[in-house]
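Asker: Protein chains in written order, with the numbering used here: chain R, 1204 to 1396; chain S, 1204 to 1396.
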């Protein structure tokens, strides 16, 4: 699977269940959001614009995606708002294989300037995304346990120290055939307790 | 890194912050536990005993670990108790490379009979562990963002459908130098909202 296929598989509407572990506080914060993903072909005007913004030849991009989201977290202040949208373009750097490259982005949440990240598909066909901002860096890993269930983990470092670790399970809306129906108190099945 | 090195890196006392996403209910449950891990050499009597219990030649094992844990989850009933211990032995199946093999276990949480799982180190030196029980199967992935921070994700399928997804961040106790000191409300930094 190349990265563009991964984004095409992400197309549609998702309900995201999110938990952030605040590492210094040893506290968990939970939240929910709805995410809409639209894959964009290489010749979409938005892709061309992003490439030009980053001074990349638009012909080197294989396409990208438009993503919007709307969510809330448990510790939100009254005026806090987790609504946003972004457009990004993929530019492979692995001679046309398409599993590794640069992700050019309109803007990050934290900063208004354009942001570029590195992406790579790993040996389990999960997408790894590394983004460095001014004062923080984020590593994310996305996986598809099934076509309608997406998971992601991310760690954020601020000023060199791990700050938060976040875990999301995301269901495709309108098709929850894969949701388990036997939920119960979790068991400590692991060899690590 | 081979799998035994991974378990040696896990040696010591850990504080685990755990979140379980109950997929059918779209609800999150949080909990905490303390975990103690002791690496065991191949000639440890407990390793030899586990191998014999599974009818494996003890000379094929490279060692294993002894793990104890004590924890609680938010939805626990009054008599519920997440305390336990297990011993397991690693038997590589990749001609001495040690990155892939069978994990022989004294017992799982759910069943009293001996359990065997498959382990494998992936291309990011994370440990993947797959365990099939009678009515459920679990896939776990463990990673070390730093020497004192371990993360794991796991999905559990019951009767063929995804039931729970769990995320743990685990700190080595007595050495939290890596804990971030800038915790704040999490930002939606991701391209996926």
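Don't be surprised by glycine CBs; every beta carbon is placed ideally from N, CA and C.
It should be emphasised that the depicted structure is a prediction, and the values quoted were computed from it without experimental measurement.
1. I want to see whether chain S comes within less than 9 Å of residue 1231 of chain R, judged by CB atoms only; does it?
2. Given this structure, state the Cα-to-Cα distance separating residue 1242 of chain S from residue 1216 of chain S, to the nearest angstrom.
3. Tell me which residues share the same chain as residue 1259 of chain R and place their Cβ nearer than 7 Å to its Cβ, disregarding the 5 neighbours each side in the sequence.
4. With 9 Å as the threshold, decide whether the Cβ of residue 1333 of chain R is near any Cβ in chain S.
5. Check each residue of the segment 1256-1273 of chain R: if its Cβ is closer than 9 Å to any Cβ of chain S, include it; give the result in chain order.
6. Taking the C-alpha atoms as reference points, what is the distance between residue 1366 of chain S and residue 1359 of chain S?
7. With distance defined between alpha-carbon atoms, name the residue in R/1343, R/1327 and R/1301 nearest to residue 1320 of chain R.
8. Work out the CA separation of residue 1346 of chain S and residue 1205 of chain S for me, nearest whole Å.
9. Please name the residue, chosen from S/1288, S/1269 and S/1336, that lies closest to residue 1245 of chain S on a Cα-to-Cα basis.
10. Between the Cα of residue 1372 of chain R and those of R/1354, R/1362, R/1364 and R/1361, spot the shortest distance and give me the residue it belongs to.
11. What does a CB cutoff of less than 8 Å around residue 1254 of chain S pick up in its chain, not counting 5 residues either side in sequence?
12. Should residue 1286 of chain S go down as buried or exposed, given a rule of 16 or more other Cβ atoms within 10 Å for buried?
13. May I have the straight-line CA-CA distance separating residue 1374 of chain R from residue 1323 of chain S, to the nearest angstrom?
14. Candidates R/1213, R/1339 and R/1251: which alpha carbon is nearest residue 1240 of chain R's?
15. Taking Cβ positions, are residue 1237 of chain S and residue 1278 of chain S nearer each other than 9 Å?
16. When you compare only the Cα positions, how much space is there between residue 1364 of chain R and residue 1376 of chain S?
17. I need the DSSP call for residue 1327 of chain R, collapsed to helix, strand or coil.
18. With 9 Å set as the bound, which would you pick, yes or no: does the beta-carbon of residue 1226 of chain S sit closer than that to a beta-carbon of chain R?
19. Determine the contact status of residue 1231 of chain R and residue 1334 of chain S, defining contact as a CB-CB distance below 9 Å.
20. Indicate whether residue 1209 of chain R and residue 1330 of chain R have their beta-carbon atoms separated by less than 9 Å.
21. Quickly, what does DSSP pair residue 1355 of chain S with across the bridge? List them, please.
22. Classify residue 1300 of chain R: buried if its beta carbon has 16 or more other beta carbons within 10 angstroms, exposed otherwise.
23. Could you check if residue 1309 of chain S is buried or exposed, using at least 16 other CB atoms within 10 Å of its CB as the buried criterion?
24. Mind checking which residues open and close the beta strand (DSSP E) that includes residue 1291 of chain S?
25. When you compare only the Cα positions, how much space is there between residue 1288 of chain S and residue 1274 of chain S?
26. Residue 1296 of chain S touches chain R at which residues, Cβ-Cβ below 8 Å?
27. Below 7 Å on C-beta distance, what does residue 1348 of chain R contact in chain S?
28. Run through DSSP, which three-state label would residue 1300 of chain R get?
29. Locate the beta strand (DSSP E) running through residue 1230 of chain S, then write down its first and last residues.
30. Taking 9 Å as the CB-CB cut-off, is residue 1209 of chain R touching chain S?
31. Residues bridged to residue 1221 of chain R by DSSP?
32. Taking the beta carbon of residue 1326 of chain R as the centre, do at least 16 other beta carbons fall within 10 Å, making it buried, or is it exposed?
33. Residue 1220 of chain S touches chain R at which residues, Cβ-Cβ below 7 Å?
34. Taking all protein chains shown into account, do 16 or more other C-beta atoms lie within 10 angstroms of the C-beta of residue 1223 of chain R, making it buried, or fewer, making it exposed?
35. Determine the burial state of residue 1311 of chain S: buried for a count of at least 16 other Cβ atoms within 10 Å of its Cβ, exposed for fewer.
36. Between residue 1370 of chain R and residue 1284 of chain R, what straight-line distance do the alpha-carbon atoms span, to the nearest angstrom?
Answerer: Judging by the given coordinates:
1. yes
2. 12 Å
3. Excluding sequence neighbours, residue 1259 of chain R sits near 1294 and 1307.
4. Output row for residue 1333 of chain R: interface = no.
5. Against chain S - using a Cβ distance shorter than 9 Å - the residues of the segment 1256-1273 of chain R are 1268, 1270, 1271, 1272 and 1273.
6. 6 Å
7. R/1343
8. 13 Å
9. S/1269
10. R/1354
11. The answer, listed in chain order, is 1260, 1261, 1263, 1264, 1292, 1294 and 1307.
12. With fewer than 16 Cβ atoms within 10 Å of its Cβ, residue 1286 of chain S is classed as exposed.
13. 28 Å
14. R/1213
15. no
16. 17 Å
17. coil
18. yes
19. no
20. yes
21. S/1345 and S/1371
22. Taking a 10 Å sphere around the C-beta of residue 1300 of chain R, we find fewer than 16 other C-beta atoms and assign the residue as exposed.
23. buried
24. 1285-1295
25. 12 Å
26. Neighbours of residue 1296 of chain S on chain R: none; closest Cβ ~18 Å, over 8 Å.
27. What residue 1348 of chain R touches in chain S: 1358 and 1365.
28. If DSSP states are grouped into helix, strand and coil, residue 1300 of chain R belongs with coil.
29. 1230-1243
30. no
31. R/1234 and R/1371
32. Exposed, since its Cβ has fewer than 16 Cβ neighbours within 10 Å.
33. The CB of residue 1220 of chain S comes closer than 7 Å to the CB of 1224, 1229 and 1231 in chain R, given here in chain order.
34. buried
35. Below a pLDDT of 50, predicted positions are generally treated as unreliable, and residue 1311 of chain S, at 49, falls in that range; the measurement from the model is reported next regardless. Classification of residue 1311 of chain S: buried, given that the 10 Å Cβ count is 16 or more.
36. 20 Å
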